[in-house]
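K.L.:
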Amino acid sequence: DSGVTQTPKHLITATGQRVTLRCSPRSGDLSVYWYQQSLDQGLQFLIQYYNGEERAKGNILERFSAQQFPDLHSELNLSSLELGDSALYFCASSHPGGGQTGNTIYFGEGSWLTVV
Amino acid sequence: AQKVTQAQTEISVVEKEDVTLDCVYETRDTTYYLFWYKQPPSGELVFLIRRNSFDEQNEISGRYSWNFQKSTSSFNFTITASQVVDSAVYFCALIDGSARQLTFGSGTQLTVLP
């Protein structure tokens, strides 16, 4: 158990809909990352938050947004869903220094999103 | 820019064989960190090891060992006496001083047959 908690574990929704994925980081971790894993794109970095502030942005679509709340949990919002958004979405967290200082980045179990 | 290459897409071995998973990385930074993660069929990403660029000492943890060679920009992972439970996708990843996120290789699917 990495200590990173993601909900829901599985989600099936229709095209055009909006979903919210939730993540609770490990106790004491200030950095939260979101990754998308799809069959054709592999593991892709979406976005990073550090103590409530956006710190880095990767290949995140404009239809997607995220935030980190004062209690450090994070949500990833996916809207106007398309079939191609079907993927495994990971949340990860690391200690205050973040991955750049070499702190280990721990991943949650992921949220399986299926868009039908 | 950082890049990680795992040239082996799939490897299949018979139980008790040793197997080495290759990882080659690219970075312009002198300070960087390398990771290996395991993704079993259930889907979670499990952290295995972290190594910084200043520590080329090889590491052994039970049946797992890692060989870090800066001269060849490689960070290979060996499983000794493989077991069926080792079957998973293994990812090598890199983060350097200029990036703010892990860059993953494409992963190696390891299948250990009984």
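Which chain is which? The protein sequence lines are H and A, in order.
Under the working numbering, the residue at position 12 of the first sequence is numbered 12, and the numbers go up by one with no gaps.
Quick note: to get the working numbering, add 1000 to the position in the second sequence (first position is 1).
Every residue gets a Cβ at the ideal spot worked out from N, C-alpha and C, and that includes glycine.
In the DSSP assignment, the beta strand (DSSP E) including Lys1038 of chain A goes from what residue to what residue?
P.N.:
From DSSP, the beta strand (DSSP E) with Lys1038 of chain A extends over 1032-1039.
K.L.:
DSSP three-state call for Thr1072 of chain A: helix, strand or coil?
P.N.:
Here Thr1072 of chain A sits in helix by DSSP.
K.L.:
Per DSSP, which one or two residues make a beta bridge with Gly42 of chain H?
P.N.:
BP columns for Gly42 of chain H point to H:Ser38.
K.L.:
Answer with yes or no whether the minimum CB distance from Ala14 of chain H to chain A is below 7 angstroms.
P.N.:
Closer than 7 angstroms: no.
K.L.:
Give the residues of chain H in contact with Gly1043 of chain A, contact being defined as C-beta atoms less than 8 angstroms apart.
P.N.:
Simply Leu88, Glu109, Gly110, Trp112.
K.L.:
Using the Cα positions of Phe45 of chain H and Gln36 of chain H, report the straight-line distance between them to the nearest angstrom.
P.N.:
Going from the Cα of Phe45 of chain H to the Cα of Gln36 of chain H covers about 7 angstroms.
K.L.:
In whole angstroms, what separates the C-alpha of Phe1047 of chain A from that of Ala1001 of chain A?
P.N.:
Phe1047 of chain A and Ala1001 of chain A: Cα-Cα distance of roughly 23 angstroms.
K.L.:
How far does the beta strand (DSSP E) with His10 of chain H in it reach, from first residue to last?
P.N.:
Where His10 of chain H is concerned, the enclosing beta strand (DSSP E) stretches over 10-13.
K.L.:
Could you check if Lys57 of chain H belongs to the surroundings of the ligand GDP, using beta carbon to heavy atom distance under 6 angstroms?
P.N.:
With respect to the ligand GDP, the structure shown offers nothing to examine, as it has no ligands at all.
K.L.:
Residues of the stretch 1083-1114 of chain A in Cβ contact with chain H at a cutoff of 9 angstroms, in chain order, please.
P.N.:
Going along the stretch 1083-1114 of chain A in chain order, one finds Phe1091, Ala1093, Ile1095, Asp1096, Gly1097, Ser1098, Ala1099, Arg1100, Gln1101, Leu1102, Thr1103, Phe1104, Gly1105, Ser1106, Gly1107 with a Cβ nearer than 9 angstroms to chain H.
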